[in-house]
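The structure under discussion appears below in the form of structure tokens.
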Amino acid sequence: MGDTFLTLRAIHMTCAGLSILGFIVRWIWMLTNSRLLNARMTKIVPHIVDTLLLLSAIALVTIIGFGANAAWLSAKIVGLIVYIVLGTFALKRGRTKGARAVCGVLAIVVFAFIASVARTHDPAGFLHAMHAAP
Ligand code: HEM
528 MGDTFLTLRA IHMTCAGLSI LGFIVRWIWM LTNSRLLNAR MTKIVPHIVD TLLLLSAIAL
588 VTIIGFGANA AWLSAKIVGL IVYIVLGTFA LKRGRTKGAR AVCGVLAIVV FAFIASVART
648 HDPAGFLHAM HAAP
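In my numbering, the protein residues as written are 528 to 661.
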């Protein structure tokens, strides 16, 4: 594995960690009615982290090639879209606190799924164990 690949992957994994951490912090601030949720930094930093996460993802894909990895990469992209939609419902669009709480838990589970797909290069990620042969 080349140095560039390893560096980009380290950036990618760091941003993934910061993304879920930032999400959980904002989700807790929303549930506890914290004023910090509306702070300038709270609105700007997640966009920077998520942009870097995506740019590093695109750079990694150009190195390893999409074709040979289409199955698990597609699972990550679908997972990412579901994570983003659940995230917006958890932070803003959910109509009740209960709905936002549930969407937040689901977003965290989907995030863990994306990370498990990345590690295993298996489009089923951690779901694989559920349909694996005995
Ligand atoms: C929330 C979104 C994402 C998370 C949590 C995430 C997480 C990760 C993690 C943990 C790794 C390291 C896996 C390992 O080698 O152990 C990784 C690698 C990688 N990710 Fe992501 N990722 C996300 C989004 C994406 C997207 C959207 C793409 C592009 C479609 C992408 C493409 C890649 C590639 C190409 C690698 C390198 C895989 C390898 O080591 O061979 N990631 N990702």
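Glycine is no exception: its CB is placed at the ideal position from the N, C-alpha and C atoms.
As the structure is a prediction and not an experimental result, all values here were calculated from the model.
*Return helix, strand or coil for T559, following the three-state DSSP convention.*
coil
*Selected residue, minimal CA-CA separation from H539, among V576, I551, S583 and N565*: S583
*Could you check which residue in L533, I547, F532 and T541 has the C-alpha nearest to that of G631?*
That would be I547, whose Cα lies nearest to the Cα of G631.
*Helix, strand or coil for H648 per DSSP?*
H648: coil per DSSP, three-state reduction.
*So is the beta-carbon of F616 under 7 Å away from any non-hydrogen atom of the ligand HEM?*
no
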